[in-house]
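K.L.:
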Amino acid sequence: SSDYRVKLVEVGPRDGLQNEKTAIPLATKLELIERLAKTGLTTIEAGSFVSPKWVPQMDNSSEILQHLLQHPVPAPNPLTYSFLAPNLKGLTNALSILSQHPTSFATESTAPTKETPALEIAVFASATESFSRKNLNCDIATSLANFKQVIQSAKDTHALRVRAYISVVLGCPFEGYDVDPHRVAQIATELLEMGADEIALGDTTGMGTAPRTKELLTCLSKAGVRNEDVAMHFHDTYGQALVNTAVALEHGIRTFDCSVGGLGGCPYSPGATGNVATEDVVYFMETLGMQTGVDLDAVVDVGDWITREIGKENASTVGKAVLGA
Ligand code: HMG
Ligand code: MG
Numbered sequence: 034s035s036d037y038r039v040k041l042v043e044v045g046p047r048d049g050l051q052n053e054k055t056a057i058p059l060a061t062k063l064e065l066i067e068r069l070a071k072t073g074l075t076t077i078e079a080g081s082f083v084s085p086k087w088v089p090q091m092d093n094s095s096e097i098l099q100h101l102l103q104h105p106v107p108a109p110n111p112l113t114y115s116f117l118a119p120n121l122k123g124l125t126n127a128l129s130i131l132s133q134h135p136t137s138f139a140t141e142s143t144a145p146t147k148e149t150p151a152l153e154i155a156v157f158a159s160a161t162e163s164f165s166r167k168n169l170n171c172d173i174a175t176s177l178a179n180f181k182q183v184i185q186s187a188k189d190t191h192a193l194r195v196r197a198y199i200s201v202v203l204g205c206p207f208e209g210y211d212v213d214p215h216r217v218a219q220i221a222t223e224l225l226e227m228g229a230d231e232i233a234l235g236d237t238t239g240m241g242t243a244p245r246t247k248e249l250l251t252c253l254s255k256a257g258v259r260n261e262d263v264a265m266h267f268h269d270t271y272g273q274a275l276v277n278t279a280v281a282l283e284h285g286i287r288t289f290d291c292s293v294g295g296l297g298g299c300p301y302s303p304g305a306t307g308n309v310a311t312e313d314v315v316y317f318m319e320t321l322g323m324q325t326g327v328d329l330d331a332v333v334d335v336g337d338w339i340t341r342e343i344g345k346e347n348a349s350t351v352g353k354a355v356l357g358a
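Just so you know, we're using full-length UniProt numbering here: the sequence shown kicks off at 34 and counts up by one.
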């Protein structure tokens, strides 16, 4: 039954790598995406069209998009690639590559194939004013006005799917636990009204707990936000990501973000560690009888490979257990 199917969004190539201080070669990023696609993951956040002064590691996202369109990755299933774009400048940079390869990708009206992946643009709002300033250099209202333009343009030019993040929904590095779930619901509603296809709720700091996750999702449901339009994006800084995942599953959410090897951290959230590891989520879903379509052993191998490649500790508990067994 479709109720037992979950969609995993692999954010390792973007959220996982964006905070790395030394430049990771383009070839390594492309190999990571290719290896991930072969595990059965179908949605991969591949880059970010942000200012290179702000996030230098994402500077070669144009080359990544270009490469993925010119050389379709051989994968078991059609793929969707997602790229962040905070403003029209970022979107324009992405669109200029798409216009060079107009038949190399699917849109909302044409189903993706193995040769023509689907593309998605992701905008990213914040639930608090202080995080908005730090991450986007503007207040929430200004960011939403920018996103309205990005969403409209992404739809008008190529009918692209648009994901809209809301960060710090369960805790803010600057405002603590003082994040109002009603404000989150209001921002989510505005983004959906602008045409966003999905709201990704970011627990940027990993401060989320089981009861507060439940409170937030209940508040969103009461505000009329549908579970099928919501994805959870848990960072695992306090080790609560799987507990919170269980709460969200119980609430009816079926889309979850994760990062292979537990890579990552947000440059504007001091001390935040990586997203919940893909390996841990796949294993957890298997124990519940939920279907992810992802091969656990294959994704464990990718986590082992990429963490060695960039000299990081493997942060996946399940990955380490499988590799040590
Ligand atoms: P700003 O400095 O206010 O921008 O930054 P500006 O409009 O004044 O422009 C300044 C310069 O940046 C100009 O260049 C622009 O052309 C350029 P100059 O004239 O000085 O040479 N510029 C750009 N270049 C490339 N791409 C662009 C772009 N926009 C302007 N898109 C801005 C505003 C939004 C650009 C900046 O704040 C920024 O790039 N922020 C991104 C921060 C970021 O990437 N954070 C991490 C991703 S979010 C995250 O990780 C959370 C998430 O995982 C969910 C969760 O965990 O909660 C998604
Ligand atoms: Mg994140």
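Glycine included, each C-beta is placed from N, C-alpha and C at the ideal position.
Around the Cβ of glutamate 312, are there at least 16 other Cβ atoms within 10 angstroms (buried) or fewer (exposed)?
P.N.:
Glutamate 312 comes out buried.
K.L.:
Hey, quick one: how far does the alpha helix (DSSP H) through isoleucine 184 stretch, first residue to last?
P.N.:
Segment 173–191, the alpha helix (DSSP H) holding isoleucine 184.
K.L.:
Could you compute how far the alpha carbon of alanine 118 sits from the alpha carbon of glycine 80?
P.N.:
Their backbone Cα atoms lie some 9 Å apart in a straight line.
K.L.:
With 16 as the cutoff for other CB atoms within 10 Å, does glutamine 103 come out buried or exposed?
P.N.:
That one is exposed.
K.L.:
Give a yes or no on whether the C-beta atoms belonging to valine 309 and aspartate 269 are separated by under 8 Å.
P.N.:
Against a cut-off of 8 Å, the Cβ pair of aspartate 269 and valine 309 comes out as a contact.
K.L.:
Anyone know if the C-beta pair for alanine 151 and arginine 194 falls short of 8 Å?
P.N.:
Against a cut-off of 8 Å, the Cβ pair of arginine 194 and alanine 151 comes out as a contact.
K.L.:
When you compare only the Cα positions, how much space is there between asparagine 93 and leucine 59?
P.N.:
Rounded to the nearest angstrom, the two C-alpha atoms are 7 Å apart.
K.L.:
Pick out the complete beta strand (DSSP E) segments inside the segment 268–315, 3 residues or longer, and give them in chain order.
P.N.:
Listed in chain order, they are 288–291.
K.L.:
Identify which residue in Glu261, Val88, Arg38 has its Cα closest to the Cα of leucine 225.
P.N.:
Out of Glu261, Val88, Arg38, Glu261 has the C-alpha closest to the C-alpha of leucine 225.
K.L.:
From phenylalanine 82 to isoleucine 220, what distance separates their C-alpha atoms?
P.N.:
Their backbone Cα atoms lie some 22 Å apart in a straight line.
K.L.:
The alpha helix (DSSP H) spanning valine 195 covers which residue range?
P.N.:
Element bounds for valine 195: not the alpha helix (DSSP H) but the beta strand (DSSP E), 194–200.
K.L.:
Sorry if obvious, but does the Cβ on glycine 295 come closer than 7 Å to a heavy atom of the ligand MG?
P.N.:
Outside the cutoff, so no.
K.L.:
Run through DSSP, which three-state label would phenylalanine 116 get?
P.N.:
DSSP places phenylalanine 116 in strand when its eight states are reduced to three.
K.L.:
Report the rounded CA-to-CA distance for phenylalanine 317 versus isoleucine 77, giving the unit in angstroms.
P.N.:
Whole-angstrom Cα-Cα distance: 20 Å.
K.L.:
Could you tell me the distance, in whole angstroms, from the CA atom of valine 106 to the CA atom of aspartate 230?
P.N.:
Taking the straight line joining both Cα atoms gives about 25 Å.
K.L.:
Tell me the DSSP secondary structure of isoleucine 77 in three-state form.
P.N.:
Looking at isoleucine 77 - three-state DSSP - the assignment turns out to be strand.
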